[in-house]
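> Encoded as structure tokens, here's the structure I'll be asking about.
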Amino acid sequence: MTSDDGAEAIWTFAQAFTSSFQASCSELASRLKVANADSVHSIAGEIQALNKRLTEATGRLPSYDQRQNELQLKALEKSLEELRSSTAGKTKFAFKRKVKIPAPASAETATPPAQTNALAIPTTPISSASRTISNHSNSYLSRSCLSDPSSSTNHIEVSITRVSNSVLNLFTTTNESTLSANTVSLSALHIRDIQNSILILGSVDGSIMLHNLTNCVVVAGCHQFRMHNSTAVDAYLDITSNPIIESCDQVRFGPYPSELKTTSDQQHLIIGDHTELPFLPQDFSHIRATPSPNWRALEEDELVRDWPLPETDYTVQLERALPGPKI
């Protein structure tokens, strides 16, 4: 078997394993929702078997899929513990000796009930919710579109869909018309069906998942970046892991623009002889020893400057910044 055939076999195994494993996790999660005390032992055994399967597959799965499978397994184990806790205190009926209750004290001597909450320290919980930005064309969209005066939410997931020929600028500035939007923290972004647009996403606490982008620029700081089924995309990233692409082509990566950075510079990673990136993209459609033909690093003279893009003349900025068929 050639090395390419071996890589293909590994990829096929990873796809089949993850699909089967996640299906098993979903089935167990559904059963846990309606389970009772009599089901605890049986479900615990099945979760233990899943744990063994995942342990045996370690080293043969991409790191992202390994992590996602581990998270699903931990969620099942947490649900199982909650089920055990809710059923452990339930005991069978038994007769108890009747306890004599003393007569109530008179009004003059009665002691008022203790104010158990009098010394409680008020806290501000972190709430979470979702926002949707969709169906925009030929527009300039700013961070103010995240505002919701009726909500106290300060930690949100955002879904961005069906945007074309537009600039979406979520970068925090002091010039926003709705200043409350600056206090909102982005926990995750789900992006789908975007064409001929620039997405300046700013800082995201968690992951960014992208599907079906065509001729776009993405600028973001995040923990995870995964893009599927996309063509001609330039991605400028500040990321704590390696970005992942799958079923993509004509993708170009660049470092996060220094104009937008609020933390210390990333350590650069040398790719090839001269091009530098602070991360190493992973192409799940090309698991081979040879370089992927689906992505490359942006050259110095290809990098867009002067971020963030202003609202005025944004159509000129689109024409200047969009990648087009340049690879």
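For the sequence shown, our numbering gives the first residue as 284, with consecutive numbering after it.
Ideal placement from N, C-alpha and C gives every residue a C-beta, glycine not left out.
Can at least three beta-carbon pairs, one atom from the region 564-578 and one from the region 518-532, be found at a separation below 8 Å?
Contact between the region 564-578 and the region 518-532 is present, because at least three Cβ pairs lie under 8 Å.
> If we count the other Cβ atoms within 10 Å of its Cβ and call it buried at 16 or more, is F296 buried or exposed?
Exposed is the call here.
> Ignore the nearest five residues each way along the sequence and tell me which others in R414's own chain have a CB closer than 6 Å to its CB.
Cβ within range, chain order: L429, I439 and V441.
> Exposed or buried, what is P593 when buried is set at 16 or more other beta-carbons lying within 10 Å of its beta-carbon?
Label assigned to P593: exposed.
> Beta carbon of P574, beta carbon of D517: below 7 Å?
No, they are not a contact pair.
> Output needed for K316: all residues of its chain with C-beta closer than 6 Å, excluding positions within five of it in sequence on either side, in chain order.
Cβ within range, chain order: n/a, list empty.
> What's the gap between the Cα of A604 and the Cα of L469?
Their backbone Cα atoms lie some 25 Å apart in a straight line.
> If distances are taken between C-alpha atoms only, which option among F562, I522 and V500 comes closest to L601?
Looking at the Cα atoms, V500 is the closest of the given residues.
> Suppose you measure from the CA of L586 to the CA of Y539; what does that come to, to the nearest Å?
When rounded, the distance between both Cα atoms is 10 Å.
> In terms of alpha-carbon separation, which member of R571, A312, D532 and W590 lies closest to I481?
Checking every option, the nearest Cα to that of I481 belongs to W590.
> State yes or no: is the C-beta of H419 within less than 7 Å of the C-beta of S449?
In this structure, S449 lies closer than 7 Å to H419 by Cβ.
> Run through the region 501-576 for me and flag every whole beta strand (DSSP E) of 3 or more residues, listed as ranges in chain order.
The region 501-576 contains these whole beta strand (DSSP E) runs: 507-511, 514-522, 527-529, 532-538, 552-554 and 558-560.
> At what residues does the alpha helix (DSSP H) containing N452 begin and finish?
It is not in any alpha helix (DSSP H) - N452 instead sits in the beta strand (DSSP E) that spans V450 to N452.
> Return yes when at least one heavy atom of the ligand MG lies under 6 Å from the C-beta of A312, else no.
Although the ligand MG was asked about, the structure shown includes no ligands whatsoever.
> Taking the alpha-carbon of A580 as reference, which of G489, E559 and L333 has the nearest alpha-carbon?
Selected option, being the one with the closest Cα: E559.
> Tell me, which residues are paired with V446 by DSSP?
According to DSSP, V446 bridges with H419 and I477.
> Of the choices M492, I416, S417 and S369, whose alpha-carbon is the least far from that of S504?
First, the residue type needs correcting, since residue 504 is Gly and not Ser in the sequence shown. Nearest C-alpha to G504: M492.
> F639 to A318, Cα distance in whole Å?
Residue 639 is absent from the structure shown; the chain starts at 284 and stops at 610.
> Between which two residues does the alpha helix (DSSP H) containing R367 stretch?
Note, R367: alpha helix (DSSP H), S346 to A371.
> Is S490 closer than 7 Å to A471 when the C-beta atoms are compared?
Yes. Within cutoff.
> Under 8 Å by Cβ, that's how I've got V446 and T370 pegged, so tell me the actual separation to the nearest angstrom.
In fact, because the Cβ distance is near 48 Å, the residues do not count as touching under 8 Å.
> Going by beta carbon distance, what residues of the same chain come within less than 6 Å of A340, once the five residues before and after it are set aside?
The residues are F300.
> Rounded to the nearest angstrom, what separates F562 and D521 at their Cα positions?
Cα-Cα distance, rounded: 9 Å.
> Classify A299 as helix, strand or coil using the three-state DSSP reduction.
Reduced to three states, the DSSP call for A299 is helix.
> Could you give the DSSP three-state label for E440: helix, strand or coil?
The answer is strand: DSSP assigns E440 an E or B state.
> Rounded to the nearest angstrom, how far is the Cβ of Y519 from that of V534, given a contact under 8 Å?
Not a contact, Cβ separation roughly 12 Å.
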